[in-house]
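Accompanying notes for the structure given below.
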Amino acid sequence: MIDTVTPGDKWEFNQEVAACFANMLERSIPDYKSMRALVYKIGEKFVTPGTLIVDIGCSTGLAVEPFVEKYKQNRFLLIDNAPAMAAACRERFKDNDKIMVKEGPAWQFMMPGLGASLVLSVLSLQFMPTAYRQKLIQDIYHAMNPGGAFIFVEKIVSEDLDDLMVDLYYDMKRENGYTDRQIMEKRRSLENVLSPLRPAWNVDMLRDAGFQHVGMFWRCLNFCGWVAIK
Ligand SMILES: C[S@@+](CC[C@H](N)C(=O)[O-])C[C@H]1O[C@@H](n2cnc3c(N)ncnc32)[C@H](O)[C@@H]1O
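Per this note's numbering, the sequence shown starts with residue 2, numbered consecutively.
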């Protein structure tokens with residue numbers, strides 16, 4: 002379904018958004034296909050038999066879907082605090098008894114020793130209060146097996162020339178068919194809901210949580226992806 006959402010004053014992941022979410026992401030994330038392909042290719046290198054795969058802020062389940070298709074013997078914990086998103090994700094995977102979809106804030110479900118070999122957070126932590134992010138990343142670390150990977154994709158504030166990056170980002174949205182009005186309405190609606198950080202701050206949080214190796218695997222304009230190994 003095509004994204005024609007008119008956002009309210011404060012952005013919400015409601016049913017209307019869930020229904021057109023794939024189209025919204027394809028048209029709103031720069032270099033979207035490469036990002037998706039890399040998340041999968043990197044993730045594949047870390048999944049081990051019988052372990053848990055976690056997706057934080059899973060939305061409708063798009064990031065984890067290729068893993069579900071391939072790793073039929075692994076268990077999956079998919080978390081989202083938006084009822085419409087959790088419902089859409091449950092519907093996508095309704096015939097799969099290896100999948101648990103939990104509705105609620107991510108920090109409620111990240112317990113030490115969950116035995117995860119792979120944790121994904123694709124464009125999700127950016128929607129959580131900044132004060133909660135370090136603790137959540139720490140909890141993710143403790144939920145993982147040694148040698149496991151945390152794949153973390155975020156919108157960012159560039160170190161320099163941020164206005165230029167954002168300008169180019171809006172050009173991309175225009176090229177993908179969004180009107181100036183749609184772009185500005187979404188921007189207003191996301192204020193104080195989506196809080197991007199500088200790349201270095203995200204890396205510091207990963208290192209402070211204990212991750213031994215942290216590498217940026219993707220960047221386009223004001224979006225960035227890292228893989229962090231425990
Ligand atoms: C941009 S979407 C994520 C896209 C998805 N990961 C993908 O790859 O298709 C952000 C998601 O994070 C969820 N979210 C925001 N805050 C959350 C929280 N505190 N706990 C769990 N999920 C949260 C939202 O409900 C939304 O579905």
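All residues carry an ideal CB built from backbone N, CA and C; glycine is no exception.
Of all alpha-carbon atoms in 151, 161, 78, the one lying nearest the alpha-carbon of residue 46 is that of 151. Bridge pairing for residue 157: 198 [DSSP]. DSSP places residue 45 outside any beta strand (DSSP E); the residue lies instead in the alpha helix (DSSP H), whose first and last residues are 33-45. Three or more beta-carbon pairs separated by less than 8 Å link the region 41-57 to the region 108-124, which places the two stretches in contact.
Taking a cut-off of 8 Å for Cβ pairs, the region 104-111 and the region 75-94 touch, as three or more such pairs fall below it. Bounds of the beta strand (DSSP E) holding residue 225 are 224-230. In the DSSP secondary-structure assignment, residue 219 is bridged to 226. Using a C-beta cut-off of 8 Å, the region 89-108 makes no contact with the region 32-39, since fewer than three inter-stretch Cβ pairs fall below that distance.
Residue 5 counts as exposed, since fewer than 16 other C-beta atoms from the protein chains shown sit within 10 angstroms of its C-beta.
Three or more beta-carbon pairs drawn from the region 194-206 and the region 126-136 are found closer than 8 Å, and the two stretches are therefore classed as touching. In the three-state reduction of the DSSP assignment, residue 77 falls in the strand class.
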